[in-house]
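Worksheet for the structure shown next.
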Amino acid sequence: MATPKKITLSQSRDIPFNKLVLSNRNVRRVQAGVSIEELAEDIARRTLLQSLSVRPVLGEDGQPTDRYEVQAGGRRYRALELLVKQKRLNKTAPIPCVIREDGILEEDSLAENVQRQALHPLDQFRAFQSLKDQGLGDEDIAARFFVTPQIVRQRLKLASVSPKLLEIYAADEMTLEQLMAFSIAANHERQEQVWEAVQRGYNQEPYYIRKLLTEDAVRASDKRVRLIGLDTYEAEGGSVLRDLFSQNDDGWLQDVALLERLVTAKLTGEAETIKAEGWRWVQIAQDFPYGHTGDLRRVMGEMQPLSDEEQAKREALRDEMAEIEERYSGTDEDLPEKVDRRLSEIETKLDGFEDRPVIYDPADIACAGVFVSIDGDGRLKIERGYVRPEDEAQNEADGEAADADAFVRDHVEIVHVGADGETRQVDPAALSGNASPDEEDEGIKPLSDRLVMELTAHRTLALRDALAGDPDIAFIAVLHGLALQTFYRYATDSCLEITWKSSGFPVQGPDLKECPSAKAIDERHANWEKQLPDESDMLWEFLCGIDHDSRMALFAHCASLAVNAVHEPWNRAQGRRHHADQLACAVSLDMAAAGWKPTPENYLNRVPKARILEAVTEAKGDAAAELIDHLKKSDMAEQAERLLDGTGWLPEPLRTSGVESMSAPNTDEPEVASDAELPEFLTAAE
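581 is the number of the first residue of the sequence shown in my numbering; add one for each residue after it.
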């Protein structure tokens, strides 16, 4: 058997730096990774950790000279060159080199770069952890490896994942993104349980892993957290799971019971403060159902008046804004940044003048109440001035009794002017029903009820005929009746027998109260409440005094609140549903443009898988549906939400004939169900 030939390694020796030149035949031309400056700093801290590979430079006679060209290690050479230029390294400093004399230069250069094995990310994580264990802080580690402290914290977080899962990742049986998802939880046992669960299922996506690890937690973006503040929760000892790999620094609150206590304490404290204002009652809740004020009368206060100084400031700001707008009104160019910033400042200050405290009448405060809740942005939502029916009736009874007693007690003087022009004193007792028959005979007897009814019947017919000849006044009269019932809930001060009803909803969807349409209606209603007079007997004069466009806008608002297009299983009113379709067509209703989009909560988790796939197929085509047809229903719903986002797809009950909401799919556009098919869809079992 032949003896294997022994290998002779290239010799190595130190060569002065000024005897080295960079070869122009190095295969690395594109620079990537750590910069030359950072590499120079690393060499200055740790010296050169890897020798240069060089070849002798041949002279014109083909013989080696005393100079050497660097065939591999060009970046290290440039870093050393930078240190020499900075006079931090002597130009004759000895540089460790491996001298190659045979073979091909380009081959050696290529081999050094191709044959190197990049460090496995897990080894880097563990190395960072080892440095941490030896006393180096995040900032120190970051400085030594020219990365940000955030990256160091991320690597250390990955190293803290369950050792069992780290081994799985090292064996390439788990992706880096999956490992990042596991890093949000500190409990190794729980991490391993979730990994076993996703292994048995179809969905192993990182977002799904995060969902399983945080299913009993509350997101830091939840409106309850924004109300009390994350700092307050943590100050009370609450723990937070943080995702260091999220751009938004997302977190999940672990102690839900603590969060609920803090929220309740916050709402209760605010309620106590408001109760001290004298309100009859205060109700608190994290959220009230949409339409919870529908059966209550609203009392309106008046904004606190501006002082003379505040009025002067407001007028000065308005004048300045008008001057700026006039100066730049004739140009199409964008406003200079400084001017645009000043306009924003003026608008903010003017808005501040409009956002002033509201002063209520003490009598209204004594009979009305307040709702305290949390709005969608996590701020306190305080709704003042609502009177309950039982309080209304009680106050009216108390008020009438008190007025009658005071009238009789104080003997208010009443003067009656007779037909002859003479005046005579009236005894208050007569008005209370205690006058004697003789005393009644001495005055003019009242007309009989029957006669009054007959006479006013004639007047009613004449008024009807006259009103029919004056459409403008007829419009105001109808608007008066609608506005009375809309804004003065218990007022009956109208001679028009027009019944108006704004019913609530038999069901409350998960996002009904926070949808764009609900917010727009509430804002419009509040704006009208501020403008309308406090007393119903002043409403007619107000309506006659406003312009035509304002009347039309108020009429449309009142009429809109009477719309009820809800399909109720116990009410098979085909005519109502047909009219709702006609009305939707007339106003070109587009539910996608109105802000509705399918989510697992409002649609996808509440229909069979076949309908989810049908929706994705209609919106994105067959290929998109095939991507999710193997998933479990809950996973399918989440993926479908992402696929449908931005497509404008709507379920059949929300589509309007003639209005195209859904964007064109990748395949032939599906046929939209006709009105005749709609009832069958609605009555089909899920």
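We treat Cβ as the ideally placed atom computed from N, Cα and C, and that holds for glycine.
All figures in this text were calculated on a predicted structure; none of them were measured in a lab.
Run of the beta strand (DSSP E) containing residue i, from where it starts to where it stops
i: residue 951; result: 949 to 954
i: residue 836; result: Where residue 836 is concerned, there is no enclosing beta strand (DSSP E), although the alpha helix (DSSP H) it sits in stretches over 836 to 855.
i: residue 832; result: 831 to 833
i: residue 594; result: 592 to 596
i: residue 960; result: 960 to 967
i: residue 820; result: 820 to 822
i: residue 679; result: 674 to 679
Reference residue i, options the options, closest by Cα
i: residue 708; options: 737, 850, 1105; result: 737
i: residue 588; options: 1121, 670, 675, 680; result: 680
i: residue 650; options: 676, 641, 863; result: 676
i: residue 1056; options: 1067, 1107, 1101, 1127; result: 1127
i: residue 962; options: 657, 755, 822, 859; result: 859
i: residue 684; options: 652, 777, 713, 794; result: 652
i: residue 620; options: 940, 667, 956, 778; result: 667
i: residue 1187; options: 1198, 1201, 1214, 1205; result: 1214
i: residue 1225; options: 1211, 1184, 1210, 601; result: 1184
i: residue 1142; options: 904, 1063, 1111, 1202; result: 1063
i: residue 796; options: 731, 1170, 765; result: 765
i: residue 628; options: 594, 641, 905; result: 594
i: residue 710; options: 778, 785, 739; result: 739
i: residue 634; options: 643, 808, 592, 617; result: 592
i: residue 1130; options: 1059, 752, 682, 1176; result: 1059
i: residue 957; options: 867, 794, 945; result: 867
i: residue 883; options: 916, 873, 938; result: 938
Extent of the continuous alpha helix (DSSP H) run through residue i
i: residue 1176; result: Where residue 1176 is concerned, there is no enclosing alpha helix (DSSP H), given that its DSSP letter is neither H nor E.
i: residue 1125; result: 1119 to 1125
i: residue 1140; result: 1128 to 1140
i: residue 729; result: 729 to 739
i: residue 904; result: 888 to 908
i: residue 774; result: 768 to 780
i: residue 1107; result: 1096 to 1111
i: residue 1193; result: 1189 to 1200
i: residue 1269; result: The chain is shown from 581 up to 1266; residue 1269 falls before or after that span and cannot be answered.
i: residue 1058; result: 1051 to 1067
i: residue 585; result: Element bounds for residue 585: n/a, residue is neither H nor E.
i: residue 957; result: Taken as a continuous stretch (DSSP letters only), residue 957 belongs to no alpha helix (DSSP H), as it is neither H nor E.
i: residue 1214; result: 1213 to 1224
i: residue 805; result: 803 to 808
i: residue 664; result: 654 to 665
i: residue 1230; result: Premise fails: residue 1230 is in no alpha helix (DSSP H) and is neither H nor E.
Same chain, Cβ closer than 6 Å to residue i, five either side skipped, listed in chain order
i: residue 863; result: 951
i: residue 1093; result: 870
i: residue 754; result: 748
i: residue 1001; result: With a pLDDT of 42 at residue 1001, under the threshold of 50, the modelled position of this residue cannot be trusted; read the value that follows with caution. Taken in chain order, the list of residues that qualify is empty.
i: residue 1100; result: none
i: residue 861; result: 949
i: residue 854; result: 862, 950
Beta bridge counterpart(s) of residue i as assigned by DSSP
i: residue 648; result: 600, 636
i: residue 616; result: DSSP output for residue 616 lists no bridge partner at all.
i: residue 882; result: 939
i: residue 863; result: 951
i: residue 798; result: 833
i: residue 877; result: 967
Same chain only: Cβ atoms within 7 Å of residue i, ignoring 5 sequence neighbours per side
i: residue 1157; result: 1147
i: residue 603; result: 649, 650, 651, 685
i: residue 585; result: none
i: residue 1113; result: 1119, 1122
i: residue 1204; result: 1196, 1223
i: residue 890; result: 933
i: residue 846; result: 807, 808
Own chain partners of residue i with C-beta closer than 8 Å, once the 5 adjacent residues on each side are dropped
i: residue 1108; result: 1067, 1134, 1137
i: residue 672; result: 596, 597, 598
i: residue 600; result: 632, 634, 647, 648, 649, 650, 657, 675, 677
i: residue 831; result: 799, 800, 810, 820, 821, 822, 823
Original post:
Are there three or more Cβ pairs, one per stretch, closer than 8 Å when the segment 841 to 848 is compared with the segment 925 to 941?
Top reply: no
Subject >> Touching by the beta-carbon criterion (3+ pairs, under 8 Å), the segment 739 to 747 and the segment 1166 to 1183 >> reply: no
Original post:
Using 8 Å as the Cβ pair cut-off and three pairs as the minimum, do the segment 1158 to 1167 and the segment 1217 to 1225 touch?
Top reply: no
**OP:** Kindly confirm or deny that the segment 785 to 804 and the segment 748 to 763 touch, where touching means at least three C-beta pairs closer than 8 Å.
**Re:** yes
Subject >> the segment 953 to 967 in contact with the segment 870 to 877 per 3-pair CB rule at 8 Å >> reply: yes
Original post:
Any contact of the segment 656 to 674 with the segment 616 to 631, i.e. 3+ C-beta pairs under 8 Å?
Top reply: yes
Original post:
Do the segment 769 to 786 and the segment 800 to 819 touch if we need at least three Cβ pairs shorter than 8 Å?
Top reply: no
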